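For the sequence shown, the numbering used here assigns the number 466 to the initial residue and increments by one for each residue that follows. Backbone N, C-alpha and C define an ideal beta-carbon position, used for all residues, glycine too. Note that this is a predicted model, so its numbers are computed, not measured. Presented below is the structure to which this report refers.
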Amino acid sequence: MSLRGGIKTGRIGHAFLFAGPRGVGKTTTARIFAKSLNCSKGPTVQPCQQCQSCKEITLSRSIDVVEIDGASNRGIEEIRSLREGVKYAPLHGKYKVYIIDEVHSLTAEAFNALLKTLEEPPANVVFIFATTNPTKVPATILSRCQRFMFKRLSIKEISDRLTDIAAKEQIAITPEAIHYIAVRADGSIRDGESILEQLAAFVEGTIEEKNVFRLIGFLGYSYYHELLQVVISGELDKVLTMLNRGIEEGADPAEIYRGFTQYVRNMLLAKSHLPDELLDLNVDEIKAVRALPLTDALVIAYLEMCLDHEDNIKRSVNTRIALELLFSQLALLHDNPGNPRESKNRGKPVVDKVVPDPEKNDVKSVLIDLLQEKSPQLAGVIQKANVVMKGDIVDIHVENDFAHRQLHGKLPSMISALQKVMKKDVKVELHIDKKERKESDLVKNIKGLFDGEEVR
Ligand SMILES: [Zn+2]
466 MSLRGGIKTG RIGHAFLFAG PRGVGKTTTA RIFAKSLNCS KGPTVQPCQQ
516 CQSCKEITLS RSIDVVEIDG ASNRGIEEIR SLREGVKYAP LHGKYKVYII
566 DEVHSLTAEA FNALLKTLEE PPANVVFIFA TTNPTKVPAT ILSRCQRFMF
616 KRLSIKEISD RLTDIAAKEQ IAITPEAIHY IAVRADGSIR DGESILEQLA
666 AFVEGTIEEK NVFRLIGFLG YSYYHELLQV VISGELDKVL TMLNRGIEEG
716 ADPAEIYRGF TQYVRNMLLA KSHLPDELLD LNVDEIKAVR ALPLTDALVI
766 AYLEMCLDHE DNIKRSVNTR IALELLFSQL ALLHDNPGNP RESKNRGKPV
816 VDKVVPDPEK NDVKSVLIDL LQEKSPQLAG VIQKANVVMK GDIVDIHVEN
866 DFAHRQLHGK LPSMISALQK VMKKDVKVEL HIDKKERKES DLVKNIKGLF
916 DGEEVR
C-alpha cells in the first residue's frame, strides 16, 4: 500500500523504510509524512501547514517528531532513550514519529534494542528509517518495515522540480540555466536546490546559464562540441588552446575531463539512435553530434582512452598536464593526414595482408593495419613506437609507461593476430625507451603554449 493509501484508509503501519541514494528526498518525505499524520486536520494527505503541529515540524521543534541521525549517533544511548520515549503518548499530535536517518549505521546493540521496540510497537508510534544502504539493515528489522524505494531522479524530473521552486520563490531563471543545474545535480534534488539557492543569493536579475557555469565551474555543450572538433582536426596547438580556454572560463581540469567523457558517451548513445529522451542533449545537439565525422569504432576508442586516463587525471598532482596528455593522444588518433598506409589499406580485410619481410622491417605497418579498425588508439601507440623484428621476436620500443601499459593489456590478442597473418609463431616483447625524443618535445610544446605556467 502506498503512503497516501495508508493515510486515506487510516491503516498506518508502525515502521517504514525509505531506501535510495543520497539527496533524493527521503528525509523530506519522512517529514511530510509526519506532518500528514499529526496535522490537526489529519491524518491527511494534504497537511494544512498552518496548525501548531505542522508549524512545529517545519521548524524541527515538534516534541512528537524525533529525528535521529544514525550516522552520528551510532550508540545505544539514543535507542535507549527512544525506548523510554515511546512509552509516553504524543503531546500535541496523534502520533509519535521517530525518523532515523542513515539507520544502517547503527551498531548491532542499537539494532537489537530497536528490534525489541519494533516487536511490540506501542500504538500511535511510527518509525521511519531512511537509508542509502538497505543491504546493511538487519533482515529482522527489514521484515518489520513497509519498504519504499526512492529512485535517483532524471534530469527532467529535477528540472521540473526546480522550475516549480523558482516559480514559488519568485526566482527569475532561464530554462537553460535550470537544465544545467539539473545536469550537475546528478540525480540529487537536494544538490540541485542548493545550487539554485546559491545562485539566487548571488545573482542580480535573471539567472542565466553563464551564471551557472561560473558558480559550478561548468562548461556548456557548445564548448565540448568545439573541443571535439579541434580534436578531430588533429591539430595539437588548437586542442591545447581550447583546453586553456576552458580552464580560463573557470572549469578545473577534472571538470573538463568529466564533461568531455560525458559528451562522448552521449555521442555514442546518439549515434546508436536511442530514443532522444534517453539522452541528456537537446534536439539540435543530437543533430550536431550525429553529423560529426566519427565512426562508432572511433567513438568507442575515445571513450576507452578517456577511461584509461581516469586514474591519471584524478590522482595526478598535475591534473592539467594529465588532461593535456589525454587530449594530445586523442588528437594523435587523427594526426596522420597524407599517411599513405591509411588510405591504401583502409577497408581491406585482414586476411589480405601481405606477409611482411622481416628484413624490410615493416612488421610495424602490419601491426598498425591489424589494429587500425578495432583499436585506432593502439594503432596510434604503435605508430609512435619503434618496432623491430629479429627472427621470431618482435621488439616494440615505446616511449613511456602509459603506452607500455596500453599495449601490455592487448598483448595476447596482438600476438595471435600477428601469428595468423604471418603464419608462424612469433613472440612480442615490449620495451620502454625513455630516451625517446618525442615525449620531451611534447612537454616542451605544452609548456611553450602556456608560457611554462606552473599548475596545481
Ligand atoms: Zn496542519
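*Using only alpha-carbon positions, find the residue among Ile497, Ile880 and Arg469 that is nearest to Lys889.*
One-based indexing of the sequence shown puts residue 889 at position 424. Residue Ile880 is the option with its Cα nearest to Lys889.
*How many Å lie between Tyr689 and Glu662 at the Cα?*
As a working note, residue 689 is residue 224 in the sequence shown. As a working note, residue 662 is residue 197 in the sequence shown. Straight-line Cα distance between these residues: approximately 27 angstroms.
*Would you tell me roughly how many angstroms separate the C-alpha atoms of Pro512 and Gly488, rounded to the nearest one?*
To locate residue 512, count along the sequence shown from 1; it is residue 47. To locate residue 488, count along the sequence shown from 1; it is residue 23. Between Pro512 and Gly488, the C-alpha separation is close to 23 angstroms.
*Distance, Gln727 Cα to His774 Cα*: Within the sequence shown, numbered from 1, the residue matching residue 774 stands at position 309. Within the sequence shown, numbered from 1, the residue matching residue 727 stands at position 262. Distance between His774 and Gln727, taken at the CA atoms: about 14 angstroms.
*Which residues are close to ligand 1, meaning CB closer than 7 angstroms to any heavy atom, in chain order?*
Spelled out in chain order, the answer is Lys500, Cys504, Ser505, Lys506, Gly507, Pro512, Cys513, Gln514, Gln515, Cys516, Ser518 and Cys519.
*Roughly how many whole angstroms lie between the Cα atoms of Cys771 and Arg626?*
Taking the first residue of the sequence shown as 1, we reach residue 771 at position 306. Taking the first residue of the sequence shown as 1, we reach residue 626 at position 161. Taking the straight line from one Cα to the other gives about 33 angstroms.
*Lys506: buried (16+ other C-beta within 10 angstroms of its C-beta) or exposed?*
On the sequence shown, residue 506 is found 41 positions in, with the first residue counted as 1. Classification for Lys506: exposed.
*For Asn503 versus His557, is the C-beta spacing smaller than 9 angstroms?*
Residue 503 sits at position 38 when you count from the first residue of the sequence shown. Residue 557 sits at position 92 when you count from the first residue of the sequence shown. Going by C-beta atoms, Asn503 is nearer than 9 angstroms to His557.
*Whose C-alpha, out of Val729, Gly652 and Leu571, is nearest the C-alpha of Arg755?*
The residue you call residue 755 lines up with position 290 of the sequence shown. For the residues Val729, Gly652 and Leu571, the minimum Cα distance to Arg755 belongs to Val729.
*Which one of Tyr560, Thr509, Ile522 and Ile564 has the shortest CA to CA distance from Gly535?*
Translated into the one-based positions of the sequence shown, residue 535 becomes position 70. Ranking Tyr560, Thr509, Ile522 and Ile564 by Cα distance to Gly535 puts Ile564 first.
*Mark Gln515 as exposed unless 16 or more other C-beta atoms lie within 10 angstroms of its C-beta, in which case mark it buried.*
For the purposes of this step, residue 515 is identified with residue 50 of the sequence shown, where counting begins at 1. So Gln515 counts as exposed.
*asked:* For Tyr553, count the other beta carbons within 10 Å of its own beta carbon; 16 or more makes it buried, fewer makes it exposed. Which is it?
replied: Position 88 of the sequence shown, counting from 1, holds the residue named residue 553. Exposed.
*Taking all protein chains shown into account, do 16 or more other C-beta atoms lie within 10 angstroms of the C-beta of Lys829, making it buried, or fewer, making it exposed?*
Residue numbering aside, residue 829 sits at position 364 when the sequence shown is read from its first letter. Buried: at least 16 other Cβ atoms inside 10 Å.
*Fully enclosed by the segment 554-642, which alpha helix (DSSP H) runs are 4 residues long or longer?*
Positions of the alpha helix (DSSP H) runs, each at least 4 residues long and wholly inside the segment 554-642, are given as 573-584, 604-607 and 620-633 in order along the chain.
*asked:* Tell me the residue span of the beta strand (DSSP E) that contains Ala480.
replied: Here residue 480 refers to the residue found at position 15 of the sequence shown. Per DSSP, Ala480 belongs to the beta strand (DSSP E) from Ala480 to Ala484.
*Residue from Ile620, Leu895, Val530 and Pro586 whose Cα sits closest to the Cα of Glu742*: Taking the first residue of the sequence shown as position 1, residue 742 is located at position 277. When each option's Cα is compared against that of Glu742, the closest is Ile620.
*asked:* For Val994, report the span of its beta strand (DSSP E) as first-last.
replied: Given a span of 466 to 921 for the chain in the structure shown, any question on residue 994 remains unanswerable.
_Just verifying my parser: in three-state terms, what is the DSSP assignment at Val852?_
The residue labelled residue 852 in the question sits at position 387 within the sequence shown. Correct three-state label for Val852: strand.
*Identity of the residues DSSP links to Ile533 by a beta bridge*: By 1-based counting over the sequence shown, the position of residue 533 is 68. Its beta-bridge partners are Ile565.
_Assigned secondary structure, Glu894 (DSSP; H/G/I helix, E/B strand, else coil)_ = By one-based count along the sequence shown, residue 894 stands at place 429. Three-state DSSP puts Glu894 in a strand.
*Rounded straight-line distance, which links the Cα of Leu798 to that of Gly490*: Your numbering for residue 490 matches position 25 in the sequence shown. Your numbering for residue 798 matches position 333 in the sequence shown. Spanning the two alpha carbons is a distance of roughly 45 angstroms.
*Would you list the one or two residues that DSSP bridges to His644?*
Stepping through the sequence shown from its first residue, residue 644 is reached at position 179. Its beta-bridge partners do not exist; DSSP assigns none.
*Give me whichever residues DSSP pairs with His862 in a beta bridge.*
What you label residue 862 is simply residue 397 of the sequence shown in a count that begins at 1. His862 is bridged to Asn851 and His896.
*asked:* Can you list, in chain order, the residues of its chain with a C-beta nearer than 6 angstroms to that of Ala868? Leave out the 5 residues immediately preceding and following it.
replied: In the sequence shown, the residue the question calls residue 868 occupies position 403. Counting only Cβ-Cβ distances below 6 angstroms, and skipping sequence neighbours, we find Val846.
*Whose C-beta lies closer than 6 angstroms to the C-beta of Arg679 among residues of the same chain, with five residues either side of it excluded?*
For the purposes of this step, residue 679 is identified with residue 214 of the sequence shown, where counting begins at 1. Answer for Arg679: Gly715, listed in chain order.
_Given Gln871 as reference, the closest of Val853, Glu838 and Gln794 once Cα atoms are compared_ = By one-based count along the sequence shown, residue 871 stands at place 406. Closest in C-alpha terms to Gln871, from the list Val853, Glu838 and Gln794, comes Gln794.
*What did DSSP end up calling Asp745 once you bin it into helix, strand or coil?*
One-based indexing of the sequence shown puts residue 745 at position 280. Here DSSP, grouped into helix, strand and coil, assigns Asp745 to coil.
*Would Gly670 be called buried (16 or more neighbouring beta carbons within 10 Å of its own) or exposed?*
Taking the first residue of the sequence shown as 1, we reach residue 670 at position 205. Gly670 comes out exposed.
*Just the Cα atoms here: how many angstroms apart are Ile672 and Asp651?*
If you number the sequence shown from 1, residue 672 lands on position 207. If you number the sequence shown from 1, residue 651 lands on position 186. The straight-line gap from Cα to Cα measures roughly 20 angstroms.
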